[in-house]
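*Asks:* First, the structure itself, so that you have it in front of you.
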Amino acid sequence: MHNLTLVDVSPRDGLQNESQILSPQDRVHYIQKLYAAGVRHIEIGSLVNPKAVPQMQATEAVIEAFQDKAQYPGLQTYVLVPNPKGLERLKDLTVDTVCFFSAGTNSFAKANIGMSVNESLQTYGAMVAPVKERGSRIRAYVSCMTHCPFEGDVNPQQVMEVLEAFDQMGVDEIVLGETTGQGVMAQTNSVIQECLQRMDPLRVGCHFHDTYGQGLANTMGAFALGIRSFDGSTGGLGGCPYAPGAGGNVALEEIIYAFESSGLETGIQLGKLLEAAQEMATLLDQPCRSKLCQAMDAKA
Ligand code: HMG
Ligand code: MG
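If you read the sequence shown in this note's numbering, its first letter stands for residue 527, the second for the next number, and so on.
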C-alpha cells in the first residue's frame with residue numbers, strides 16, 4: 527500500500543493569484559468538478575484578510591457548501607487560517623484540516639502574514655487547542671524551504687527550527703513549501719532528509735511550486751525518500767501574491783500522470799480532471815497552462 531495523499535490546492539493557492547475574482551458559487555462549482563474527478567483532499571480556500579487577498583473573500587460560503595458529509599463521501603477539506611480572527615470566522619462551520627502557515631525566513635513571513643516567524647509561532651501555538659477542540663486536524667506549512675523571494679538561499683537550519691516548533695506545539699502534519707519554485711531536487715531532497723531525521727515521513731507533506739519547471743522532479747525525488755503527501759494544483763494554476771514572480775504549483779494532472787504511469791493508483795480520473803482544468807481556464811479567459819493540458823489539447 528503506497529498511502530498516497532494528493533492535495534489539490536488549486537481552489538486556494540491557484541485562485542489566490544489569478545487577477546480575476548471568482549464568486550463563491552463559481553469556486554464551489556469548480557471544487558465539485560474536482561470531487562467528481564475523484565480528488566478527495568482539497569484546499570478549498572483561506573480565511574485571510576479579504577483586503578490582502580480579495581480572490582479568497584467569502585471563503586465561509588465555500589466552506590458552507592461542503593458541510594454535508596453524506597453528499598461528499600470521503601472529501602477532506604483544507605482551509606488556510608492565519609490567526610485567531612480567521613478561526614472566529616469559521617463560527618460553527620467544520621473543516622477537516624486547518625492549515626497554519628509560516629516560513630523559513632522573517633522577510634517572507636512579514637511580507638505574507640505581517641508577523642515575524644517567532645510571532646507567527648506564538649500566534650499558532652495559541653490556536654492549537656481551539657482548533658483541536660473543533661475536531662480539525664492541523665497541517666502547518668513552512669514556506670521557503672530552499673529559497674526566499676527576498677533573502678535568496680535559505681539555511682536549512684532555519685527551516686528545521688520552524689518545523690521543530692510546529693512539531694512541538696502538536697500539529698499533525700508539516701508541509702515543506704518550495705515557494706519560489708527555484709529549488710532543484712538535490713536541494714529539496716537535502717532539506718527533506720534533514721526533516722526526516724526529526725519526523726516520520728507520513729507526517730510530512732511537500733508543496734512544490736513549478737516556476738522553474740522543477741516541481742515534478744522534486745515530487746518524484748521526495749517520493750523516493752518516503753514522502754507520501756503531495757500538493758498539486760489542477761491546471762498548474764497559481765502562485766503566492768507575496769512571493770514576487772512565483773508561478774503555480776506543480777500541476778496535479780502531471781503528478782497523477784507520473785504516478786499512474788509508474789503503476790501507482792491515485793483514484794483520480796485524469797480525463798475528468800483535465801475537463802475541470804479546461805473549464806476553469808475558460809472561466810479565467812486563458813489557456814490551460816500545464817504541459818499535460820497542452821499535450822492533450824494538441825492530440826484532440
Ligand atoms: P495584519 O494586517 O497583520 O492584521 O494581517 P491586523 O490584525 O493588523 O488586522 C488588519 C486588518 O485585517 C483588520 O481589518 C483586521 O480585521 C483584518 P481592518 O480593520 O483594516 O478592516 N484581518 C482579517 N480579516 C479577515 N480574516 C482574517 C483577518 N485577520 C486580520 N483572518 C493577515 C494579518 C495574516 C490577516 C494578513 O497579513 C493577510 O491576510 N495576509 C494574506 C496572507 C495570504 O493569504 N497569503 C497567501 C497564502 S500563503 C501562500 O501562498 C504560501 C503557501 O502556499 C505555501 C508555499 O507556497 O510555500 C501556503
Ligand atoms: Mg504555495
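C-beta atoms are modelled at their ideal positions from N, C-alpha and C, and glycine is treated no differently.
Rounded to the nearest angstrom, what separates Gly640 and Asn575 at their Cα positions?
*Replies:* Here residue 640 is taken as the residue at index 114 of the sequence shown, counted from 1. Here residue 575 is taken as the residue at index 49 of the sequence shown, counted from 1. Answer to the nearest angstrom: the Cα atoms are 11 Å apart.
*Asks:* Classify Asp811: buried if its beta carbon has 16 or more other beta carbons within 10 angstroms, exposed otherwise.
*Replies:* As a working mapping, residue 811 is identified with position 285 in the sequence shown. Counting Cβ neighbours within 10 Å, Asp811 comes out exposed, since fewer than 16 surround it.
*Asks:* Given Glu590, which residues of its chain have a CB within under 7 Å of its CB, disregarding the five upstream and five downstream residues?
*Replies:* What you label residue 590 is simply residue 64 of the sequence shown in a count that begins at 1. The residues are Leu619.
*Asks:* Cβ of Phe627 versus every heavy atom of the ligand HMG: is any distance shorter than 6 Å?
*Replies:* Start at 1 with the first residue of the sequence shown, and residue 627 comes out as number 101. Flag set: Cβ of Phe627 near the ligand HMG.
*Asks:* Please state the DSSP three-state secondary structure of Ser646.
*Replies:* The residue you call residue 646 lines up with position 120 of the sequence shown. Note: Ser646 maps to helix in three-state DSSP.
*Asks:* Within the chosen definition, does the region 628-638 reach the region 674-686 through at least 3 CB pairs nearer than 8 Å?
*Replies:* Yes: the two stretches touch, three or more of their Cβ pairs being nearer than 8 Å.
*Asks:* Going by the CB atoms, is the gap between Met711 and Ala743 shorter than 7 Å?
*Replies:* Along the sequence shown, read from residue 1 onward, the residue named residue 743 stands at position 217. Along the sequence shown, read from residue 1 onward, the residue named residue 711 stands at position 185. Yes, Cβ-Cβ distance for Ala743 and Met711 is below 7 Å.
*Asks:* Does Asn609 pass the burial test, meaning 16 or more other C-beta atoms within 10 Å, or should it be called exposed?
*Replies:* What you label residue 609 is simply residue 83 of the sequence shown in a count that begins at 1. Classification of Asn609: buried, given that the 10 Å Cβ count is 16 or more.
*Asks:* Would Asn529 be called buried (16 or more neighbouring beta carbons within 10 Å of its own) or exposed?
*Replies:* Within the sequence shown, numbered from 1, the residue matching residue 529 stands at position 3. Result: exposed.
*Asks:* When we look at the beta-carbon of Gln684 and count the other beta-carbons within 10 Å, is it buried (16 or more) or exposed?
*Replies:* If you number the sequence shown from 1, residue 684 lands on position 158. Gln684 should be labelled buried.
*Asks:* List the whole-angstrom C-beta distance separating Gly761 from Met806, where the pair is believed to meet the contact cut-off of C-beta under 8 Å.
*Replies:* One-based indexing of the sequence shown puts residue 761 at position 235. One-based indexing of the sequence shown puts residue 806 at position 280. Indeed they touch by this definition, with Cβ atoms about 6 Å apart.
*Asks:* Mind checking Gln708: buried by the 16 CB within 10 Å criterion, or exposed?
*Replies:* For the purposes of this step, residue 708 is taken as residue 182 along the sequence shown, with counting starting at 1. The residue in question, Gln708, is buried, as its Cβ has 16 or more Cβ neighbours within 10 Å.
*Asks:* Check whether the Cβ of Asp539 lies closer than 6 Å to any heavy atom of the ligand MG, and answer yes or no.
*Replies:* Translated into the one-based positions of the sequence shown, residue 539 becomes position 13. Under cutoff, so the answer is yes.
*Asks:* Could you give the C-beta distance for Ser646 and Ala635, rounded to a whole number, given that I count them as a contact under 8 Å?
*Replies:* For the purposes of this step, residue 646 is taken as residue 120 along the sequence shown, with counting starting at 1. For the purposes of this step, residue 635 is taken as residue 109 along the sequence shown, with counting starting at 1. Indeed they touch by this definition, with Cβ atoms about 6 Å apart.
*Asks:* Return the chain-ordered list of same chain residues with a C-beta closer than 7 Å to the C-beta of Thr745, the five sequence neighbours on each side being excluded.
*Replies:* Working through the sequence shown from its first residue, we reach residue 745 at position 219. Cys732, Phe734, Phe756, Val776, Ile781.
*Asks:* Does the separation of the CB atoms of Glu569 and Val535 fall below 7 Å?
*Replies:* On the sequence shown, position 43 is the one that residue 569 refers to. On the sequence shown, position 9 is the one that residue 535 refers to. In contact: Glu569 and Val535 (Cβ atoms closer than 7 Å).
*Asks:* Just the C-alpha distance for Gly571 and Gly752, rounded to the nearest angstrom, thanks.
*Replies:* Counting from 1 along the sequence shown, the entry for residue 571 is found at position 45. Counting from 1 along the sequence shown, the entry for residue 752 is found at position 226. Taking the straight line joining both Cα atoms gives about 28 Å.
*Asks:* Does DSSP put Asp726 in a helix, in a strand, or in coil?
*Replies:* The residue labelled residue 726 in the question sits at position 200 within the sequence shown. Looking at Asp726 - three-state DSSP - the assignment turns out to be coil, as it is neither helix nor strand.
*Asks:* Which residue's Cα is closest to the Cα of Tyr598: Gly612, His567, Pro675?
*Replies:* Within the sequence shown, numbered from 1, the residue matching residue 598 stands at position 72. Cα-wise, what sits closest to Tyr598 is His567.
*Asks:* Just the Cα atoms here: how many angstroms apart are Cys766 and Glu704?
*Replies:* On the sequence shown, residue 766 is found 240 positions in, with the first residue counted as 1. On the sequence shown, residue 704 is found 178 positions in, with the first residue counted as 1. The straight-line gap from Cα to Cα measures roughly 11 Å.
*Asks:* Hey, how far is the Cα of Asp698 from the Cα of Val588?
*Replies:* By one-based count along the sequence shown, residue 698 stands at place 172. By one-based count along the sequence shown, residue 588 stands at place 62. Straight-line Cα distance between these residues: approximately 24 Å.
*Asks:* Please state whether DSSP places Ile794 in a helix, a strand or coil.
*Replies:* Position 268 of the sequence shown holds residue 794. Here Ile794 sits in coil by DSSP.
*Asks:* Using only the alpha-carbon positions, how far apart do Arg538 and Gln719 sit?
*Replies:* Translated into the one-based positions of the sequence shown, residue 538 becomes position 12. Translated into the one-based positions of the sequence shown, residue 719 becomes position 193. Whole-angstrom Cα-Cα distance: 28 Å.
*Asks:* Using only the alpha-carbon positions, how far apart do Ser759 and Glu659 sit?
*Replies:* Taking the sequence shown and counting its residues from 1, the one referred to as residue 759 is at position 233. Taking the sequence shown and counting its residues from 1, the one referred to as residue 659 is at position 133. Taking the straight line from one Cα to the other gives about 30 Å.
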